[in-house]
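Take a look at the structure below.
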Amino acid sequence: MVGDYFTGKERDRFIGWQGSAMKFGGVLFLLLGGYLADIHWRIPFWGYALAFLALPGAIFSLYDPKKPDATTPSSASKAIAPPISIPKVGFILISAFMASVLFFMTLVQIPFFIPERFAGSPGEVGFAIALANLAGAGIAVLFYRFKERLSFVTIFTLIFALMGLGYWLVSVTPNYPLLLAAMTIAGCGFGLIVPTQSAWMLSEVTGARRGFGIGLVTTAMFLGQFASPVLIEPFIDPEDPSSVFETAGIILFGLSITYAIISFFQKSKRDIAS
């Protein structure tokens, strides 16, 4: 739908706001959900009912954009979407999957890490995750600024670098306040994931295939969420809760270097072509 409504910089700006709204929602429901759960464990689930508040707006403001009339030859040629580049789309899906695996490990591991490392409370766990989401919300709004200056591969280089630095700092931090700083750094990387992968896919698929492309990248993201605990499990040391973050940080630094090299060769290829 975003691909149908917006193009170019306007689309990048809207996708950034969309990603920011998702992160702000995470902040709100993490903090509010913890409070409501203290009253009764079932109450937070009523939060899903808030979606009905958006229903009137969806009914009266959303519309199906006009599509080219395929009955005329000129319009038919415009309506036919160019073929999908399997290598490019595959690279986007792999990037989305890896980012999702390494993002969701935080939601699984931090609730164990903070109590074991700092004897932290559930409230401190929720605040740390909420702070990362808040940082992500702030950076997502600026996504279009990043896109004006950087390629999608370069932005993923930055994403992996920020997450890697944040995770490594989590593994070595001696106290809870410094852990919050580390989570803020990692959160900046988190905030760029969804806008980047969505805008990247929309730049590669056009016309009637936009929905299919976004469906693919969403599938890759949720497959990463599903696979994250399974893939991270071998790196967990029960006697050292920080080791999994150290390992993840090293992996992310490796990915960042790899994507930086790919970005360099892509830029060199474009310079030669021009």
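The numbering of the sequence shown is the numbering used here, which starts it at 8 and goes up by one.
Note that beta-carbon positions come from the ideal geometry of N, C-alpha and C, so glycine has one too.
Nothing here was measured: the structure is a model prediction, and the numbers come from that model.
Annotation for Met-190: Ala-135, Leu-138 and Ala-139 place their beta carbon closer than 6 Å to its own, counting only its chain and skipping 5 residues before and after. Here the alpha carbons of Ile-162 and Phe-150 stand approximately 9 Å from one another. The bridge partners DSSP lists for Asp-244 are Asp-247. Here Pro-118 is actually not in contact with Val-108; their C-beta atoms are around 18 Å apart, not less than 8 Å.
Around the beta carbon of Ser-92, a 10 Å sphere encloses fewer than 16 other beta carbons of the protein chains shown; the residue is thus reported as exposed. When secondary structure is reduced to three states using DSSP, Tyr-70 falls in the coil class, being assigned neither helix nor strand.
Remark: three or more beta-carbon pairs, one from each stretch, lie closer than 8 Å, so the stretch 201-216 and the stretch 98-117 are flagged as touching. The Cβ atoms of Ser-250 and Thr-164 lie no closer than 7 Å to each other.
The beta carbons of Ala-147 and Gly-23 sit closer together than 7 Å. Between Met-112 and Ile-239, the C-beta spacing is below 7 Å. The distance from the Cβ of Gly-143 to that of Cys-195 is about 7 Å, consistent with a contact at the 8 Å cut-off. Judged by beta-carbon spacing, Pro-248 lies beyond the 7 Å limit of Phe-52, meaning their Cβ atoms are not closer than that value. DSSP places Ala-126 outside both helix and strand once states are collapsed to three, so it counts as coil. In terms of CA proximity to Ala-188, Met-170 leads the group Pro-241, Met-170 and Ile-243.
Spatial neighbours of Gln-273 in its own chain (CB-CB distance under 7 Å, excluding positions within 5 residues in sequence) are listed in chain order as Ser-158 and Val-160. Counting other Cβ atoms within 10 Å of its Cβ, Ile-99 reaches 16 or more and is therefore classed as buried. Bounds of the alpha helix (DSSP H) holding Val-179 are 159-179. With a beta-carbon spacing of about 4 Å, Ile-50 and Leu-43 fall inside the 8 Å limit used to define contacts. Linking Gly-145 to Gly-198 through their CA atoms gives a straight-line distance of about 8 Å.
Here the alpha carbons of Ala-267 and Phe-260 stand approximately 10 Å from one another. Between the alpha carbons of Lys-276 and Lys-95 lies a gap of roughly 15 Å.
A buried status is given to Arg-18, since no fewer than 16 other beta-carbon atoms sit within 10 Å of its beta-carbon. In terms of Cα proximity to Glu-123, the closest of Thr-254, Phe-271 and Pro-245 is Pro-245. The C-alpha of Ser-68 is placed about 49 Å away from the C-alpha of Asn-182. Rounded to the nearest angstrom, the gap between the Cα atoms of Ala-227 and Val-201 is 12 Å.
Val-115 sits in a helix when the DSSP states are folded into three classes.
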